[in-house]
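All letters in the sequence shown, in the order written, are residues 1 to 648 by this note's numbering. C-beta: ideal position from N, C-alpha, C; glycine also. Step one of this worksheet: look at the structure below.
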Amino acid sequence: MKDSGRPAAAERKRADEQARKAHEQAKIMLDRIPLICCFLIDGEGRLFNCNQEAVRLFELSGRQEFEERFYDLSPEYQPCGRKSDEFMQELLLKARQEGQCHFEWMHQKFSGEPIPCEVTLIRAEHGGEIIVAAYARDLRELKATAEKARETEERIQLMLDAMPLACQLINQDYEVIDCNQETLDLLGAASKEEYRARMHDVSPEFQPSGRRSRELRSEYADRVLDEGYLRYEWTHQKLSGEPLPCEITWIRVRHRGEYIIAGYVRDLREQRAIIEEMRKAEVAEESNKAKSRFLAMMSHEIRTPMNAILGITEIQLQDESLDPKYQDAFNTIYNSGDLLLSIINDLLDMSKIDADKLELVPARYEITSLINDVVNINLVRFSGKLLDFQLLVDENTPQKLFGDDLRIKQVLNNLLSNAFKYTKSGGIKFSVSAERGPEDGNEGSEVTLVFTISDTGKGMTEEQVNKLFDEYSRFDMEANRVTEGTGLGMHITRNLVRMMKGHIHVDSQVGRGTTITARLPQEDGGGGPLGRELAESLQRSRANQNISRNGKKTQIVREPMPYGKVLVVDDMDLNLYVARGLLSPYELSVDTAGSGFEAVGIIRDGSEYDIIFMDHMMPEMDGIETVKLLRDGGYTHPIVALTADAVS
């Protein structure tokens, strides 16, 4: 009997040892599993066991503290707003009834640090009782990784949406997988869903090449999936129908195990607009160059014979024995030619203004010379009018000034000629004065010349005054149909005044006449004021003149010059004839040469001249080349250029 009991006891001992070892192994496995494991008695919700991971995760002293303070390891409220203790009882009941439930739960350490967890509750039986086994996985690392991924995705999406290119992903069936905001803005889609639904509406039926859009797009898609890269121009259209020229770049990429197309669309409207503007600018520049070349040629070709006509006419008018009826005829020819030349000059000036080629050439000049020239040319030109002319010059006007006196003469000639043209009776008053800056009388200080021209003509309305400086502006064409001019003079005058940083003002009343004041800043030339004697002398020479009451052309009286020797160089015999005729009254010895080569030969042979008049444009060797050879050869006397080119 004793012997039979020993084996049974040993067997039990071995079984107990195996059970102990199995329990220890299970405990080791449970403690080392990276999950919180605990057991709750169903009904009461008491915790009666947990693994070591639960102690470690919540940084507790041991299992007993975990068991005693289990419900303190959850905040009062869950993120959903439910109270933690009430919500837990509800979930435990659900696990008991359904066998298990799965959810996210917010735990916390005693320090208050939140621990998001993924929890699984499973109904089980233990010792004849229904219990709930709870398993919780720490989600902090997973959520941190997900948050980083979300932030990365947000940054990528932000960069894509901010990119000034429309970006999209397209699968092999030509369906939009995704796109950025620029795509929607460019094509006028309200959302990605609308764009996906109307993807085929953003291209017209035909491309500019004549190919159908769908066929050509399918061909391009096959090419990029085969070759990996493709760039081409394409005409899209907004969903509203507005055409949209684009440059498209397609790149083959791999996405979720298959090849798709990454597309980038660049709007070409602005670029094409810039190119179009550049093309227009180039065309305009070429047009201006062609116009300048044409004007340069025409100015030379027209002015050359006009100067010959005027020159020959003036030569004939110098003949005092000329029959009066022929003298009247030559006067008419001269005045008509002079008018035509002034029209040509106005047109040339307008072309310079339009091409921004009109330039000021300042130099030192004398105010007395400027006034004399302006007055003389108008008295001669309008010698047939029965008008009183009065010149008033302020004695404080500087004698010498620095500025572009030729352009000032042009301004004053335009103003005076208009006064003469549109005044039938009465008179014209021309006043000259100056306003000085703070550095009174110092050379280089600013002086404002003030020119006032008053007439007793018919005057203008306010509307006419406002339009006076417009191009081709002439008023009352029926009444003024016989008045000379192109209507460009005042427009040119205003532009010249502006170029000189001056100001022009018009005061006019219908039936009472017109007063125009031009104020032109200049530099003091350092010669001091005119003084009373010189101002009065200048005024007396023009005071209260009745212009040519006999109706004949005023003769220009030339003073004989000291004996001198002159060489005139021109390739046209007609111009040489005019030059000899115009120089003959001055008792000069005049020789001529028909080319630059002939002129150089004459000088090299030892002939001496006090002055040479040199034509600018000559065949074979022009005036500039001729002058260079003469200067290189030692000729030091003045050489004066003669040119009909009024453009360059």
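Query, Result
"Check for me: the alpha helix (DSSP H) holding Glu98 runs from which residue to which?", "84-98"
"Leaving out five residues on either side along the sequence, give the residues of the same chain with a beta carbon under 8 Å from the beta carbon of Ala535.", "Val393, Asp394, Glu395, Thr397"
"Just the Cα atoms here: how many angstroms apart are Glu608 and Gly601?", "12 Å"
"Using CA atoms only, rank isn't needed, just tell me which of Ile343, Asn378, Pro245 is closest to Ala419.", "Asn378"
"Under DSSP, the beta strand (DSSP E) around Ile248 begins and ends at which residues?", "243-255"
"Once DSSP output is grouped into helix, strand and coil, what is the label at Gln555?", "Here Gln555 scores only 41 on pLDDT, less than 50, and its place in the model should not be relied on; the value that follows carries that caveat. Note: Gln555 maps to coil in three-state DSSP."
"Leaving out five residues on either side along the sequence, give the residues of the same chain with a beta carbon under 7 Å from the beta carbon of Ile275.", "none"
"Comparing C-alpha positions only, which one of Gly526, Leu642, Thr493, His503 sits nearest to Leu567?", "Leu642"
"Could you check where the beta strand (DSSP E) with Arg436 kicks off and where it finishes?", "427-436"
"Would you tell me roughly how many angstroms separate the C-alpha atoms of Glu270 and Tyr422, rounded to the nearest one?", "53 Å"
"Straight-line CA distance for Met159 to Ala124?", "52 Å"
"Rounded to whole angstroms, what is the Cα-Cα separation between Thr554 and Asp632?", "In this prediction, Thr554 has a pLDDT of 38, which is less than 50 and means its spatial position is unreliable; what the coordinates show is noted afterwards. Near 45 Å, if we compare the C-alpha coordinates of Asp632 and Thr554."
"Which residue marks the beginning of the alpha helix (DSSP H) containing Ala54, and which one marks its end?", "52-57"
"Measure the Cβ-Cβ separation of Ile248 and Tyr229 and say whether it is below 9 Å.", "no"
"If you drop the 5 nearest sequence neighbours on each side, which residues of the same chain put their C-beta closer than 7 Å to that of Asp138?", "Leu57, Ile115, Cys117"
"Quick one: is His637 buried, meaning 16 or more other Cβ sit within 10 Å of its Cβ, or exposed?", "exposed"
"Check whether the stretch 278-286 and the stretch 169-184 touch, using three or more Cβ-Cβ pairs below 8 Å as the test.", "no"
"Between which two residues does the alpha helix (DSSP H) containing Val627 stretch?", "623-632"
"If you follow the beta strand (DSSP E) that Leu121 is in, where does it begin and where does it stop?", "114-126"
"Which residue marks the beginning of the beta strand (DSSP E) containing Glu366, and which one marks its end?", "363-366"
"Cα separation between Pro34 and Glu53?", "7 Å"
"Are at least three pairs of beta-carbons, each pair with one atom in the stretch 444-455 and one in the stretch 424-434, less than 8 Å apart?", "yes"
"With burial defined as no fewer than 16 other Cβ atoms inside 10 Å of the residue's Cβ, what is the status of Tyr264: buried or exposed?", "buried"
"Keeping to the same chain, check which residues put their C-beta closer than 7 Å to that of Val374; ignore five residues upstream and five downstream.", "Lys409, Leu412, Asn413, Leu416"
"Could you tell me which residues DSSP pairs with His107 in its beta bridges?", "Ile115"
"So, at 7 Å on beta carbons, what are the nonlocal neighbours of Ile302 in its own chain, with the 5 sequence-adjacent residues on each side left out?", "Ile344"
"Can you tell me whether Met636 is helix, strand or coil according to DSSP?", "Note on identity: in this sequence residue 636 is Thr, with Met being the wrong assignment. Three-state DSSP puts Thr636 in coil, outside helix and strand."
"So if DSSP puts Glu688 in a beta bridge, which residue, or which two residues, is it bridged to?", "The requested residue 688 does not occur in the structure, where the chain is confined to residues 1 to 648."
"With distances taken between CB atoms, is the gap from Ile611 to Leu630 smaller than 9 Å?", "no"
"Taking just the CA atoms, how far does Met306 sit from Asp338?", "8 Å"
"Strictly under 9 Å for the Cβ-Cβ distance: is Ala95 near chain C by that measure?", "Looking for chain C here will not work: only one protein chain is present."
"Can you check DSSP and say which residues form a bridge with Glu523?", "Phe402, Glu446"
"Provide the residue(s) that pair with Glu141 in DSSP beta bridges, ordered along the chain.", "Paired residues: none, contrary to the question."
"Using a Cβ-Cβ cut-off of 8 Å (strictly less than) and excluding sequence neighbours within five positions of Thr592, which residues of its own chain qualify?", "Leu567, Val568, Val569, Asp570, Leu576, Ala579, Arg580"
"Looking only at C-alpha atoms, which of Val132, Ala162, Met88, Val55 sits nearest to Phe650?", "Here the chain covers residues 1 to 648 and nothing more, so residue 650 does not appear."
"How big is the Cα-Cα spacing for Phe469 and Gly502?", "15 Å"
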